[in-house]
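In the numbering used here, the protein residues as written are 14 to 407. For each residue, glycine too, the CB sits at the ideal point set by N, CA and C. One structure is given here, and the rest of the page talks about it.
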Ligand SMILES: Nc1ncnc2c1ncn2[C@@H]1O[C@H](COP(=O)(O)OP(=O)(O)O)[C@@H](O)[C@H]1O
Ligand SMILES: [Mg+2]
């Protein structure tokens, strides 16, 4: 038996927890973090730092913190500076400072008993351990929102003042707070707030072209050469952008599209694989909506479904739709509607979320329109439409 081929070269590169060496479009923020913590490489015992990273879901907060943490640790160790970074997801510890500190301490003292100590005592022992080992840690408190919600401002106040309590001793703990909702810090007392607000790094949502760059990197690491169509990357980026500018979503779609390609023995990830991936995540397709459409609206949509069923492309132009629609009309003994009317159908289905219309400026040919069917597999749409058109004939 022939070994099954896969479009993937290394699927782990598409895993949600994979940390790439380079983060496209986060270079500036990475550099800023390096500047904030630059002192650690020179006089780590004299200073500590607090920084907030904020941004929406999938903007790269977690991956940036990890990348930075391991980069600065490597650099420190090269210079014989003892530094470690510790990443804790506060939500996984139910936002409880006690559980979080206990976890951090057990990284240094694995046999430390789980019971019988208060948070203050555990923190004291953590400092003692770090003093003994002459080590500075960068504590990354990810999903810090959970901690604020659970513990309220007093604990946060203490966390922002970890070092002040022991002002004359060497500085041992710096903190990066990762926070989705900056408004949460408004609720804190003025002094915690002002300490936290000084160093804020905001991660903006990604735009389409940025997502294309991020996806392209993953494609070259995770997929075999030439096994992902270029317009698939573009249409996935487009959806990632319209669904919140979320890189996680886009990478997940890419991976799923690859899985569909493998499942169907396709040699390349084509537009229909991407559509299957999207429809498995976003249920935009409401079948009974089709029944309420007019005859020519259905014929128009059928023309699109057919086009994508027989073409690998992710995009279709309005003139190609017109051709395909004219053929369908012939099949149904209907007189095709005008160009203007076809354009109106396209806009209607774009509003309904079934089609996506992009107008691009083209130096030689003026503006051109690209239409895609991002979320519904073409075969499925064709099947539903044919069934629905059958009812029309009755
Ligand atoms: N600039 C980037 N370059 C490469 N991958 C990225 C980038 N930004 C985000 N990602 C990837 O997108 C996914 C979501 O990022 P993540 O850091 O978990 O977002 P957040 O923590 O802000 O919700 C992860 O798989 C991450 O590796
Ligand atoms: Mg995160």
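Listed in chain order, the non-local C-beta contacts of residue 220 below 8 Å within the same chain comprise 254 and 258, local neighbours out to five positions each way being set aside. In this chain, the alpha helix (DSSP H) harbouring residue 321 covers 308 to 323. The criterion of a C-beta distance shorter than 8 Å is satisfied by residue 78 and residue 155.
Pairing residue 338 with residue 312 gives a Cβ-Cβ distance under 8 Å. In chain order, 298, 388, 389 and 390 place their CB closer than 7 Å to the CB of residue 292, counting only its own chain and leaving out the 5 sequence neighbours on each side. DSSP places residue 96 within a strand segment (E or B) once states are collapsed to three. Where residue 190 is concerned, the enclosing beta strand (DSSP E) starts and stops at 186 to 192. Restricting attention to 83, 94 and 59, the CA atom closest to the CA of residue 34 is found in 83. Inclusion of residue 163 and residue 108 in the CB contact set at 8 Å is warranted, their separation being smaller than that value. Using a Cβ-Cβ distance cut-off of 8 Å, the region 30 to 50 and the region 160 to 179 are not in contact, since fewer than three pairs of beta carbons, one from each stretch, lie closer than that value. Counting other Cβ atoms within 10 Å of its Cβ, residue 59 stays below 16 and is therefore classed as exposed. Counting other Cβ atoms within 10 Å of its Cβ, residue 274 reaches 16 or more and is therefore classed as buried.
Of the residues 120, 93, 172 and 216, the one whose Cα lies closest to the Cα of residue 70 is 216. Distance between residue 354 and residue 212, taken at the CA atoms: about 55 Å. Here residue 260 is not near residue 214, since their CB atoms are 8 Å or more apart. Annotation for residue 70 indicates a beta carbon within 7 Å of some heavy atom of ligand 1. With respect to the 8 Å criterion, residue 100 and residue 153 are classified as neighbours on the basis of their beta carbons. Shortest gap from the CB of residue 67 to any heavy atom of ligand 1: 7 Å or more. Its chain contains 309 as the residues whose beta carbon lies nearer than 7 Å to that of residue 350, once the 5 sequence neighbours on both sides are disregarded; these appear in chain order. As a beta-bridge residue in DSSP terms, residue 68 pairs with 216. Relative to ligand 2, residue 142 has its C-beta separated by 7 Å or more from all heavy atoms. Judged by DSSP in its simplified three-state form, residue 137 adopts helix. Taking C-beta separations shorter than 6 Å and ignoring five residues to either side along the sequence, the partners of residue 303 in its chain run 397 and 401, following chain order. A straight-line Cα-Cα distance of about 30 Å links residue 352 and residue 242.
The C-alpha of residue 382 lies about 4 Å from the C-alpha of residue 372. Comparing alpha-carbon positions, the option among 284, 198, 327 and 30 lying closest to residue 158 turns out to be 198. At a Cβ-Cβ threshold of 8 Å, residue 306 and residue 341 do not count as neighbours. With at least 16 other beta carbons inside 10 angstroms of its own, residue 240 counts as buried. According to DSSP, residue pairing for residue 380 in a beta bridge involves 374. Between residue 64 and residue 46, the C-beta gap is smaller than 8 Å, which places the two residues in contact. Sorting 288, 231 and 203 by C-alpha distance to the C-alpha of residue 245 places 288 at the top.
The beta carbons of residue 284 and residue 229 sit about 17 Å from each other, so the pair does not count as a contact at 8 Å. Looking at the DSSP output, residue 104 sits in no beta bridge, so it has no partner there.
For residue 38, there is no enclosing beta strand (DSSP E), as DSSP marks it with neither H nor E.
Taking the Cβ of residue 28 as the reference point, every heavy atom of ligand 2 lies at 7 Å or farther away. Closest by C-alpha distance to residue 43, out of 189, 90 and 180, is 189.
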